[in-house]
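Residue numbers (our numbering): 102 to 267. Using N, Cα and C, we set each Cβ at its ideal position, and we do this for glycine too.
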């Protein structure tokens, strides 16, 4: 996994167990942590809880051959980005990491922070039923266009009258 991620352009650091992983996490800045559920000393759940309490921006991916549905649900409840069952395909892990980083990159940007040319004016032609126009709405429509045909469930939250049913 380390070599595949390095070839994909990621900087990769290793820790032999949960305690060393927590120490590294507190000493350095990481974007992603991949942790096994079962490890000597502190297990993956302890790493997850520690990381999310002190470094909530870090994406945590749990990997395990011993996980079951309740364990995966617990990991997600504590803030894991994903729970990956062993055996897994390395490309699957790489794709999930990329997707998590892409999603986080979009969600961490300030609402008014729109790079010039990021939202093509043609987006408004693709959504003629949308009345308002703003940079924020343009980004939402761009995201909708990207994910509209994916088989993923989506929960849309908002106040009454804000256009959730569009």
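Residue 144 sits in coil when the DSSP states are folded into three classes, being neither helix nor strand. Here the alpha carbons of residue 230 and residue 246 stand approximately 14 angstroms from one another. Two segments are said to touch when three or more pairs of C-beta atoms, one from each, lie closer than 8 angstroms; by this definition the segment 122 to 132 does not touch the segment 162 to 171.
Straight-line measurement puts the Cα of residue 181 at about 14 angstroms from the Cα of residue 194. Contiguous alpha helix (DSSP H) elements confined to the segment 117 to 141 occur at 119 to 128, taking only those with 4 or more residues. Counting along the chain, the unbroken alpha helix (DSSP H) around residue 236 starts and ends at 236 to 248.
Boundaries cannot be given for residue 258, as no alpha helix (DSSP H) includes it and DSSP labels it neither H nor E. Inclusion of residue 202 and residue 133 in the CB contact set at 9 angstroms is warranted, their separation being smaller than that value. DSSP assignment within the segment 151 to 234 yields the following whole beta strand (DSSP E) runs of 3 residues or more, N-terminal first: 160 to 165, 183 to 186. Under the three-state reduction of DSSP output, residue 114 falls in the coil class, being neither helix nor strand.
Non-local beta-carbon contacts of residue 108 in its own chain, meaning distances under 7 angstroms to residues more than five positions away in sequence, are absent. Burial state of residue 138 is buried, judged by a 10 Å Cβ sphere holding 16 or more other Cβ atoms.
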